[in-house]
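Numbering (our numbering), first residue to last: -19 to 300. The beta carbon of each residue, even a glycine, is placed where N, CA and C say it ideally should be.
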Amino acid sequence: MHLFLNEYTLVGIGLLILLFAGDALVKGAVNLSLRLGVPALIVSLTVVAFGTSAPELLISVQSILDGEPGLAIGNVVGSNTANILLVLGIPALLAGLGASQTDSRKSYIVMMAGSLLFIALCYFGPITWWHGLILLAALALALWDNFRDARGHMKKDELEEELEGADPSLAGWKIAAFLVVGLIGLPLGAKLLVDNAIIIATEFGVSATVIGLTLVAIGTSLPELATTVMAAFRRETDVAIGNVIGSNMFNLLAIIGVASLVGPMPVPDAFLTLDLWVMLGASILIAPVVFHNLAMGKIWGISLTLAYIAYLYLVLKSGT
């Protein structure tokens, strides 16, 4: 029992290191890029987007290097499901999410297209480098399209004010410190989390894939959950919806795309019969909210949260 608790503690410590290191990397990379003269729009669409996904990426890469690719693919699929059912469900339950004032239909369609592409590639599994190149090409197209749209709708000064982690007064040594903390902390946190998650899976008699779908997926979704809860209380529905859509798109296209270049990821049979379709079904659930600007009240919150609990029960019951 002592070892079991200790391993849980180490997973928590690894997750905390990942979150803090990821935030440090974003701050350092954003301010270094702006100092080097990289346009704020490019920084927003690339550095920030990849930086905030760095914990999930490092977990996936470390899992493959440790010979547990199921944890890698489980983390991404589980995170995407948690992002819809949990990350939107809990804020809707606590404070409600009002009608969105921003048209997010195009981003939602891109996310759904990415989901369908990923599911289709899973049927040609295992996920290998050529699958990854297809996903990364789709990501490049999506980023280019976002760049064209954003360039026409936002002025440079406005973008720099809203850019996450941007601080024009940040000293050079602080930028370097943030980068060092991020670059050292991310692999350290990933190693700590993955190693102990695998031990916990063995203790429970379940696969590392199940741990990826549940424990690790929930852990890596905590930053999105915190952001969305705060957005709900501030009545910033656009931030909440955009955060989830953007995160899900990056998880599938960027993280799986890059991780597959490190090593192959077999697709468990359970994914083809349950997990991928739950992920897709969860994404379809919010279509009325996106296309008809519906508010998400407590009924929405209860329904999404209960759906996630039911999904967790099915995953843990199967244990595969």
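| said: Determine whether the beta carbon atoms of residue 56 and residue 33 lie at a separation below 8 Å. | reply: It is not a contact, given that the beta carbons lie outside the stated cut-off.
| field | Beta-carbon spacing of residue 77, residue 182 below 8 Å | value | Against a cut-off of 8 Å, the Cβ pair of residue 182 and residue 77 comes out as no contact.
| task | Measure from the alpha carbon of residue 275 to the alpha carbon of each residue in 93, 196 and 220, then state which is nearest. | result | Residue 275 has its Cα closest to that of 220, out of 93, 196 and 220.
| field | Candidates 186, 223 and 6, of which the one nearest residue 294 by Cα | value | Of 186, 223 and 6, the smallest CA-CA separation from residue 294 is found for 186.
| In whole angstroms, what separates the C-alpha of residue 285 from that of residue 151? | Cα to Cα, the separation comes out at about 43 Å.
| Between the C-alpha atoms of residue 252 and residue 103, what's the straight-line distance to the nearest angstrom? | Cα-Cα distance, rounded: 7 Å.
| message | Rounding to the nearest angstrom, what Cα-Cα distance links residue 180 and residue 290 in this structure? | response | Here the C-alpha atom of residue 180 lies approximately 22 Å from the C-alpha atom of residue 290.
| query | Which runs of the alpha helix (DSSP H), 4 residues or longer, sit entirely within the region 47 to 115? | reply | The region 47 to 115 contains these whole alpha helix (DSSP H) runs: 49 to 65, 69 to 74 and 85 to 102.
| said: Considering only their Cβ atoms, is the gap separating residue 118 from residue 97 smaller than 8 Å? | reply: Their beta carbons are under 8 Å apart, which means residue 97 touches residue 118 by this criterion.
| Which of the three DSSP states, helix, strand or coil, is assigned to residue 282? | The answer is helix: DSSP assigns residue 282 an H, G or I state.
| query | What number of angstroms, rounded off, separates the C-alpha of residue 203 from the C-alpha of residue 64? | reply | Each residue's alpha carbon lies about 14 Å from the other.
| Counterpart residues of residue 245 in DSSP-defined beta bridges | Per DSSP, the beta-bridge partners of residue 245 are 107.
| query | Taking the alpha-carbon positions, what's the residue 222 to residue 171 distance? | reply | Between the C-alpha atoms of residue 222 and residue 171 there is a straight-line separation of about 30 Å.
| query | Do residue 71 and residue 166 have their C-beta atoms closer together than 8 Å? | reply | Not a contact, by the Cβ cut-off of 8 Å.
| query | Does the pairing of the region 247 to 265 with the region 121 to 129 give three or more beta-carbon distances under 8 Å? | reply | Counting C-beta pairs closer than 8 Å gives fewer than three between the region 247 to 265 and the region 121 to 129, which falls short of the contact rule.
| For residue 254 and residue 247, the rounded distance between their alpha carbons | If I take the Cα positions, the gap works out to 12 Å.
| query | With distances taken from CA atoms, which of 0, 154, 161 and 99 is nearest residue 249? | reply | For the options 0, 154, 161 and 99, the alpha carbon positioned closest to that of residue 249 is the one of 99.
| task | Grab the span of the alpha helix (DSSP H) containing residue 202 for me, first residue to last. | result | Segment 197 to 213, the alpha helix (DSSP H) holding residue 202.
| query | Since residue 159 and residue 51 are thought to touch, with beta carbons under 8 Å apart, how far apart are those beta carbons, to the nearest angstrom? | reply | Actually they are not in contact, since the Cβ atoms of residue 159 and residue 51 sit about 27 Å apart, beyond 8 Å.
| field | Contact check, residue 206 vs residue 195, beta carbons under 8 Å | value | Taking 8 Å as the Cβ cut-off, residue 206 and residue 195 do not qualify as a contacting pair.
| request: Apply the 10 Å Cβ neighbour rule to residue 7 and answer buried if 16 or more other Cβ atoms are within range, or exposed otherwise. | output: The residue in question, residue 7, is buried, as its Cβ has 16 or more Cβ neighbours within 10 Å.
| Nearest-angstrom Cα distance between residue 197 and residue 58? | Straight-line spacing of the CA atoms in residue 197 and residue 58 works out to 5 Å.
| said: Let me make sure I understand the geometry here. Which of -6, 122 and 115 has the alpha-carbon closest to that of residue 42? | reply: Measuring from the Cα of residue 42, the nearest candidate turns out to be -6.
| Which value, in whole angstroms, describes the spacing of the CA atoms of residue 229 and residue 90? | Using only the alpha carbons, I get a separation of about 8 Å.
| said: Under 8 Å, Cβ to Cβ, is there at least one residue of chain B near residue 73? | reply: Among the chains of the structure shown, chain B does not appear; only one protein chain is present.
| Is the CB-CB distance between residue 235 and residue 45 below 8 Å? | Between residue 235 and residue 45, the C-beta spacing is not below 8 Å.
| Do you know how far the Cα of residue 147 is from the Cα of residue 232? | Those two C-alpha atoms are separated by around 30 Å.
| According to the neighbour-count rule (16 or more other Cβ atoms, all chains shown, within 10 Å of its Cβ), is residue 155 buried or exposed? | Counting Cβ neighbours within 10 Å, residue 155 comes out buried, since at least 16 surround it.
| query | Excluding sequence positions up to five away, which residues of its chain have a Cβ less than 6 Å from the Cβ of residue 2? | reply | The beta carbon of residue 2 is closer than 6 Å to those of 34 and 35 in its chain, skipping five residues each way along the sequence.
| said: Quick check on the DSSP output: the alpha helix (DSSP H) that includes residue 218 runs from which residue to which? | reply: Taken as a continuous stretch (DSSP letters only), the alpha helix (DSSP H) holding residue 218 covers 217 to 230.
| Looking at the unbroken alpha helix (DSSP H) that takes in residue 176, where does it start and where does it end? | That run of the alpha helix (DSSP H) goes 152 to 184.
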